[in-house]
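Trainee: Structure incoming, see below.
Number of protein chains: 2
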Amino acid sequence: MQQAPNPPSSHPFFTLEKTSSSPSGRSRARAGSITTARGITIETPVFMPVGTRATVKTVPQEALIDELKAKIILANTYHLFLRPGPELVAELGGLHQMMSWPNAILTDSGGFQIFSLASLRKISEEGVRFRSHIDGQYHMLTPERAMEVQRALGADIVMAFDECPALPATYESMEKSVHLTARWARRSLSVPLASHQHFFAILQGGLFTDLRLRSLELLNESIHGLKRDVDGIAIGGLAVGESALERENLCQTLLPHLPSHKPRYLMGVGKPLDILEAIRHGIDMFDCVLPTRNARNGQALTTYGPMNLKNHSFRSDKAPLDPHCECKVCRRYTRAYIRHLCTTGEYLAGQLLTHHNLHFYLNLTRNARNAILEDRFDQFYDLFYQNYTQAKAYST
Amino acid sequence: MQQAPNPPSSHPFFTLEKTSSSPSGRSRARAGSITTARGITIETPVFMPVGTRATVKTVPQEALIDELKAKIILANTYHLFLRPGPELVAELGGLHQMMSWPNAILTDSGGFQIFSLASLRKISEEGVRFRSHIDGQYHMLTPERAMEVQRALGADIVMAFDECPALPATYESMEKSVHLTARWARRSLSVPLASHQHFFAILQGGLFTDLRLRSLELLNESIHGLKRDVDGIAIGGLAVGESALERENLCQTLLPHLPSHKPRYLMGVGKPLDILEAIRHGIDMFDCVLPTRNARNGQALTTYGPMNLKNHSFRSDKAPLDPHCECKVCRRYTRAYIRHLCTTGEYLAGQLLTHHNLHFYLNLTRNARNAILEDRFDQFYDLFYQNYTQAKAYST
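Keeping their order, the protein sequence lines are chains A and B.
With our numbering applied, the first sequence corresponds to residues 18 to 413, in that order.
With our numbering applied, the second sequence corresponds to residues 18 to 413, in that order.
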């Protein structure tokens with residue numbers, strides 16, 4: 018990863034603004050900013066709301082932009098590949114235009130969903146043949162095809178096509194997967210992208226720390242000599258059931274080996290405390306379905322921990338979801354009302370809880386960033402942790 | 018209905034501003050305004066979005082207020098009686114405070130839903146015993162109880178408890194129902210309400226014009242001598258499968274007999290052209306689940322008629338739902354995107370279509386009102402009708 022940065026731009030893609038320097042060496046948290054070729058600036062650490070099928074479930078684009086101030090969302094290549102298909106997205110002017118989204122988009126490569134949703138996967142050196150979970154039709158995704166699809170979708174950041182081995186995986190199968198992922202990274206990176214697109218590679222290796230380091234070495238070897246460099250590094254294959262401690266140990270060992278001038282993206286992680294912890298280790302980017310999916314099941318995230326709004330104890334509670342929250346939901350609605358919406362199965366329940374939860378996540382990363390910039394990340398961490406875990410105040 | 022208006026207020030409840038005077042005598046359309054005791058002014062003709070369980074499905078209150086400019090919504094006593102129950106609503110400060118809705122609310126009496134949703138109904142002079150459609154529990158609603166429940170809910174306009182006979186009904190059974198409804202109106206009107214609440218009586222009689230007129234006479238006789246007068250008259254028992262012509266004939270005969278100084282509410286009607294037609298005959302208030310329910314099934318209402326967004330023909334259509342519409346959905350999203358959301362079953366589909374459809378309905382009544390005030394209702398009617406029916410342009 019010593020090649021010149023690309024695509025050429027007057028502004029660097031990633032600027033590292035500050036790294037935490039706690040006296041204890043406890044924190045390596047980073048504040049930085051990503052500027053897309055289209056001129057959108059994303060301050061990091063950043064949480065990317067998940068917009069699987071070109072919509073963040075229940076949240077209209079104007080609310081994401083104007084109220085939640087989301088600068089980047091994630092969309093899933095696998096889902097959009099199947100419906101409406103990359104040709105139609107391209108015909109509609111790309112994802113941004115199709116969904117009327119002026120800010121940034123990151124698309125994954127489809128790898129993870131193939132392994133979690135599709136059936137009858139057949140992996141070869143060439144790629145993966147699989148059956149759609151929607152209609153059972155056969156499809157083939159290769160590194161080349163995954164990049165072509167992502168070029169058609171037109172996201173600002175695209176991901177290498179990687180192999181996510183089924184878990185639990187033996188050391189041997191994980192090692193094989195790490196090698197294949199490195200070869201696929203080279204093939205992915207060799208495919209021309211649109212001039213505005215940036216490219217992230219993905220490291221695999223499960224919880225085997227040495228394989229994670231090997232994955233990084235193999236990536237560097239594999240892409241050596243290519244015209245184009247990777248713009249960021251993602252850690253894939255986590256958030257699949259490992260413990261927080263296992264993930265933490267891995268981050269602690271792996272992250273110091275990553276180049277400091279590229280953004281680091283921890284895919285699919287996680288709960289609020291997982292994100293806080295990963296920020297402490299130096300992760301810059303996150304995505305997770307938790308704030309949106311759990312919202313639709315009646316869960317609100319608050320300063321004092323998660324809260325299950327279906328619980329009887331909220332039936333006449335006139336407080337807002339989180340008294341410390343300034344989102345539009347907390348400014349207007351009570352727990353009692355949202356509980357009524359939850360227990361009667363009303364659409365508005367999921368809408369209000371999703372909005373609030375996304376605000377909570379986006380605020381978590383924004384506040385962490387401010388704390389890093391102001392040299393008080395350790396205090397921020399401690400206070401957030403203490404509040405969030407303090408009382409198990411709410412039945413979840 | 019010769020008693021003094023009540024409750025005492027510095028402003029009359031209903032002001033008739035203008036009645037159409039087309040040279041042909043073709044239109045008796047009225048423009049007026051209702052001012053609630055809490056000071057909300059509702060310009061008529063008005064469409065009331067249906068907020069069955071204290072939420073207009075998929076639309077947050079702030080959007081109804083700020084974007085759709087809805088001044089009054091309807092909520093269903095039957096549903097709120099069962100969940101969360103009138104005691105809890107009262108404990109939460111009434112419907113307005115519970116749902117954070119500063120504008121006006123009308124609640125129905127529960128009669129219609131008992132007859133359409135509950136099972137094992139047993140009607141007596143006393144009231145109706147029925148089983149909840151949710152958990153099978155037995156409940157009893159009487160005119161007195163229905164009013165007490167509506168007092169607890171705290172709506173600005175409450176409805177008399179009426180009997181909606183099962184259809185098809187014989188003349189004899191309908192006649193019986195008309196008599197019972199008149200006796201129940203007296204009992205309803207005898208129950209003290211909160212000082213801010215206004216009361217509407219309901220006329221029944223199905224499609225038998227003479228029974229409708231009889232229903233009005235019986236109501237007047239029945240409530241004679243009471244301290245309190247009715248503040249408005251509703252026509253119930255329609256929108257149950259009758260033809261537009263049958264409904265039109267009924268309106269044409271019945272409406273000239275209604276007092277001109279009270280608002281007239283045609284319950285549950287209807288499609289856009291049904292509403293336009295009823296406005297022509299002199300109806301002031303409407304409610305209907307069509308714009309919200311059909312939205313959730315993929316239907317958009319447009320200047321040129323209804324449009325089924327699931328239709329293949331919209332797959333790459335970059336036009337807004339309705340090129341003549343200025344709602345926030347039409348300003349941002351394309352038919353192709355909304356079709357994608359519909360075909361993938363995304364929440365946002367129903368949200369966007371509901372918002373647009375409510376805008377369409379609220380605009381229809383607003384535009385009709387302006388046309389009445391400007392002495393051009395016939396032209397407005399003709400143009401709307403011509404556009405809406407012109408081409409069957411869209412597959413529905």
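C-beta: ideal position from N, C-alpha, C; glycine also.
Just so it is clear, the structure is predicted and the values come from calculations on it, not from any experiment.
Starting from GLY322 of chain B, trace the beta strand (DSSP E) in both directions and tell me its first and last residue.
Mentor: 322 to 325 is the span of the beta strand (DSSP E), which, as asked, contains GLY322 of chain B.
Trainee: Please tell me whether LYS335 of chain A has its Cβ less than 8 Å away from any Cβ of chain B.
Mentor: Judged by the 8 Å Cβ criterion, LYS335 of chain A is in contact with chain B.
Trainee: Does the distance from the C-beta atom of ALA202 of chain A to that of ILE250 of chain A stay below 8 Å?
Mentor: Not a contact, by the Cβ cut-off of 8 Å.
Trainee: Just curious, the alpha helix (DSSP H) that GLY128 of chain B is in, first and last residue?
Mentor: Note, GLY128 of chain B: alpha helix (DSSP H), 128 to 133.
Trainee: Helix, strand or coil: which one does DSSP assign to TYR378 of chain B?
Mentor: Of the three classes helix, strand and coil, the one that applies to TYR378 of chain B here is helix, per DSSP.
Trainee: Given that THR361 of chain A touches chain B, what residues does it touch there, using C-beta distances under 7 Å?
Mentor: Chain B residues near THR361 of chain A: ARG70, ARG100.
Trainee: Report, in whole angstroms, the separation of the C-beta atoms of ALA211 of chain B and GLY171 of chain B, which I expect to be a contact under 8 Å.
Mentor: Confirmed, about 6 Å.
Trainee: Compare the C-beta of GLN20 of chain A with all C-beta atoms of chain B and state if any pair is closer than 8 Å.
Mentor: Confidence at GLN20 of chain A is low in this model, with a pLDDT of 45, below 50, so the placement of that residue should be treated as unreliable; the coordinate-derived value is given next. No, GLN20 of chain A does not count as interfacial toward chain B.
Trainee: On a CA-only basis, which of A:THR69, A:GLN114, A:GLN316, A:LEU220 is nearest TYR350 of chain B? Give me that one, please.
Mentor: Here the closest residue by C-alpha is A:GLN114.
Trainee: For LYS74 of chain B, write down the residues that DSSP places opposite it in a beta bridge.
Mentor: DSSP output for LYS74 of chain B lists no bridge partner at all.
Trainee: Please name the residue or residues paired with MET157 of chain B in a DSSP beta bridge.
Mentor: According to DSSP, MET157 of chain B bridges with B:ARG146.
Trainee: Note down the Cα distance separating ILE131 of chain A from PHE147 of chain A, rounded to an integer number of angstroms.
Mentor: ILE131 of chain A and PHE147 of chain A: Cα-Cα distance of roughly 7 Å.
Trainee: Can you give the Cα-Cα distance for VAL195 of chain A and LEU123 of chain A, rounded to whole angstroms?
Mentor: Whole-angstrom Cα-Cα distance: 23 Å.
Trainee: In three-state terms, what does DSSP make of GLN19 of chain B?
Mentor: In this prediction, GLN19 of chain B has a pLDDT of 43, which is less than 50 and means its spatial position is unreliable; what the coordinates show is noted afterwards. Here GLN19 of chain B sits in coil by DSSP.
Trainee: For GLN355 of chain B, report the span of its beta strand (DSSP E) as first-last.
Mentor: Inspection of the sequence shows that residue 355 of chain B is occupied by Ile rather than by Gln. Counting along the chain, ILE355 of chain B falls outside any beta strand (DSSP E), though it belongs to the alpha helix (DSSP H) covering 352 to 360.
Trainee: Going along the chain, which residues of its own chain have a beta-carbon closer than 6 Å to the beta-carbon of GLN20 of chain A, five neighbours each way excluded?
Mentor: In this predicted model, GLN20 of chain A has a pLDDT of only 45, less than 50, meaning its place in the structure is not dependable enough to derive any value.
Trainee: Enumerate in chain order the residues of its own chain whose CB-to-CB distance from THR159 of chain A is below 6 Å, with the five nearest sequence positions on each side excluded.
Mentor: If we look at THR159 of chain A and ignore the five residues flanking it on each side, its Cβ neighbours are GLU143, GLY144.
Trainee: Going by DSSP in three states, PHE30 of chain A sits in which element: helix, strand or coil?
Mentor: Here PHE30 of chain A sits in coil by DSSP.
Trainee: 8 Å is my cut-off, CB to CB: does THR75 of chain B come that close to chain A?
Mentor: Yes, THR75 of chain B lies at the interface with chain A (some Cβ there is under 8 Å from its Cβ).
Trainee: Taking Cβ-Cβ distances below 8 Å as the criterion, which residues of the stretch 345 to 358 of chain A are in contact with chain B?
Mentor: Cβ contacts with chain B come from LYS345, ARG349, TYR350, THR351, ALA353, TYR354, HIS357, LEU358.
Trainee: Taking only beta-carbon positions, decide if GLN78 of chain B is within less than 8 Å of chain A.
Mentor: Chain A, which has a Cβ nearer than 8 Å to the Cβ of GLN78 of chain B, makes this yes.
Trainee: Report yes if the CB atom of ALA121 of chain A is closer than 8 Å to the CB atom of THR53 of chain A, and no otherwise.
Mentor: For ALA121 of chain A and THR53 of chain A, yes; Cβs fall inside 8 Å.
Trainee: Exposed or buried, what is ALA183 of chain A when buried is set at 16 or more other beta-carbons lying within 10 Å of its beta-carbon?
Mentor: Answer is exposed; the Cβ neighbour count stays below 16.
Trainee: Hey, how far is the Cα of THR382 of chain A from the Cα of GLN221 of chain A?
Mentor: Straight-line Cα distance between these residues: approximately 25 Å.
Trainee: Determine contact between the stretch 55 to 72 of chain A and the stretch 361 to 381 of chain A, defined as no fewer than three beta-carbon pairs at a distance below 8 Å.
Mentor: The stretch 55 to 72 of chain A, when compared against the stretch 361 to 381 of chain A, does touch it at the 8 Å Cβ threshold.
Trainee: Here's a check: name, in chain order, each residue in its chain whose Cβ is nearer than 6 Å to the Cβ of SER136 of chain A, leaving out the five neighbours to either side.
Mentor: So the qualifying residues of the chain are ARG148.
Trainee: If you draw a straight line from the C-alpha of LEU228 of chain A to the C-alpha of LEU275 of chain A, how long is it?
Mentor: Those two C-alpha atoms are separated by around 14 Å.
Trainee: Quick check on DSSP: helix, strand or coil for ASP227 of chain B?
Mentor: ASP227 of chain B falls in the helix class under three-state DSSP.
Trainee: Quick check: is the beta carbon of ARG332 of chain B nearer than 8 Å to any beta carbon in chain A?
Mentor: Yes, because at least one Cβ of chain A sits closer than 8 Å to the Cβ of ARG332 of chain B.
Trainee: Relative to chain A, which residues along the stretch 359 to 390 of chain B have a C-beta separation below 8 Å, given in chain order?
Mentor: Taking 8 Å as the Cβ-Cβ cut-off against chain A, the residues of the stretch 359 to 390 of chain B that qualify are THR360, THR361, GLU363, TYR364, LEU365, GLY367, GLN368, LEU369.
Trainee: Pick helix, strand or coil for GLY111 of chain B, following the three-state DSSP scheme.
Mentor: Residue state, collapsed to three classes: coil.
Trainee: Please look up how many angstroms separate the CB atoms of ASN374 of chain B and ASN311 of chain B, rounded, as I've assumed it's under 8 Å.
Mentor: Yes, ASN374 of chain B and ASN311 of chain B are in contact; Cβ-Cβ is about 7 Å, under 8 Å.
Trainee: Enumerate, from N- to C-terminal direction, the unbroken beta strand (DSSP E) stretches of 3 or more residues contained entirely within the stretch 292 to 326 of chain A.
Mentor: Whole beta strand (DSSP E) segments, 3+ residues: 302 to 304, 316 to 319, 322 to 325.
Trainee: Tell me the DSSP bridge mates of ALA121 of chain A?
Mentor: A:ILE89.
Trainee: Where does the unbroken alpha helix (DSSP H) through VAL195 of chain A begin, and where does it stop?
Mentor: Note, VAL195 of chain A: alpha helix (DSSP H), 188 to 206.
Trainee: What does MET115 of chain B touch in chain A if you count any residue whose Cβ is under 8 Å from its own?
Mentor: The contacting residues are THR351, ALA353, TYR354, HIS357.
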